[in-house]
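Q: Residue numbers (the numbering used here): 20 to 377.
Using N, Cα and C, we set each Cβ at its ideal position, and we do this for glycine too.
Have a look at this one.
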Ligand SMILES: [Mg+2]
């Protein structure tokens, strides 16, 4: 099976709830959709979430050029990944190049799974597993947060993460108190995300105020690349530290592990290098018995988590549901299972794709 052509579409579907973090608000999801057509007639598809509309055209442009380069090559994701890495060795394999490479990798794996007539998790050797899912909530005032917790509990969620790091530290506590009150005695799982907003010293001060909530983790309490800072926070609070969504490839992950920067691992399937990179990350984490949670990309992550030996929590922050025919939904027991169809769980709703294309 050989690569024939790339079909690239930029869309910007609105988020159901604008997502506010300590470092800005996202109201619509800038996505680059990629369909890779093959000479067998099968098409592999995926999307990448590129964070800012300014990244749409650069990533789409790179994909168009890579489509020309890869025409006639085997649908062999690991071999293709090595080829793309060699082409960007000097320009750098992170950022836009990393996003484009991951899109190609994920679409090729989707294609292989369809060709094998298997859900991606089965192609990777794993039975479908239900993952514990958490509702990944933005930064909101206490009353608004409480209303969302009530609605999410009705939908099946039992686990929640909030973007903390309000300018006034007491606001973080008020939000967590409001969430616990909204759960009205239900035993809920709680985590917070500082989104790199503080220095390690300030993060430690703020984390200590939150220790009474027995949080599952404190996410990115220092700058993503500051492994020593993360290790410092880890030593300064009883809350377990979570990081990894900004690891670009497993070399970044290895540096974080070497620094003892985190109690958990949270690779992002795009930044870590697609399905190929995720498998390497899952193996590294397995070697240290580090719990692995997913970041964004719910549909494909549900498959990858099934094939991850130390799988922990699946993040639900739905950025692509508006352009999919079968958006993932949480079960009444708070879990999400991978789709049972061949592929990685991506089928475009073409009417929505046209509506939101930019
Ligand atoms: Mg985060």
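#1: Going by DSSP in three states, residue 285 sits in which element: helix, strand or coil?
#2: Tell me, please, whether the stretch 96-105 touches the stretch 59-78 by the rule of three or more beta-carbon pairs shorter than 8 Å.
#3: Mapping DSSP to helix, strand and coil, what is residue 308?
#4: Rounded to whole angstroms, what is the Cα-Cα separation between residue 67 and residue 367?
#5: When you compare the CB positions of residue 239 and residue 256, do they come within less than 7 Å of one another, or not?
#6: Among 309, 258, 259, 237, which one has its Cα closest to the Cα of residue 272?
#7: Which first and last residues belong to the beta strand (DSSP E) in which residue 208 is found?
#8: Exposed or buried, which one is residue 286 when buried takes at least 16 other CB atoms within 10 Å?
#9: How many angstroms separate the CA atom of residue 227 from the CA atom of residue 177?
#10: Tell me, to the nearest whole angstrom, how far the beta carbon of residue 364 is from that of residue 319; I am working on the premise that it is less than 8 Å.
#11: Residue 233: buried (16+ other C-beta within 10 angstroms of its C-beta) or exposed?
#12: Tell me the DSSP bridge mates of residue 410?
#13: Near residue 112, which residues of its chain fall below 6 Å by C-beta distance, leaving aside the five closest residues on each side in sequence?
#14: How about residue 277: is its Cβ closer than 6 Å to a heavy atom in ligand 1?
#15: Here's a check: name, in chain order, each residue in its chain whose Cβ is nearer than 6 Å to the Cβ of residue 23, leaving out the five neighbours to either side.
#16: When the Cα atoms are used, what is the spatial distance from residue 201 to residue 53?
#17: Count the C-beta pairs between the stretch 342-350 and the stretch 216-223 that are closer than 8 Å, then say yes if the count reaches three, no if not.
#18: Restricting to Cα atoms, I'd like to know which of 370, 369, 359, 351 is closest to residue 145.
#19: Here's the rule: buried if 16 or more other CB atoms are within 10 angstroms of the residue's CB, otherwise exposed. What is residue 182?
#20: Using only CA atoms, which one of 346, 270, 279 lies nearest to residue 253?
A: Quick answer:
#1: coil
#2: no
#3: coil
#4: 14 Å
#5: no
#6: 309
#7: 208-212
#8: buried
#9: 24 Å
#10: 6 Å
#11: exposed
#12: What the structure shows of the chain is the stretch from 20 to 377, and residue 410 is not part of that stretch, so it cannot be assessed.
#13: 104
#14: no
#15: 56, 57, 58
#16: 41 Å
#17: no
#18: 359
#19: buried
#20: 279
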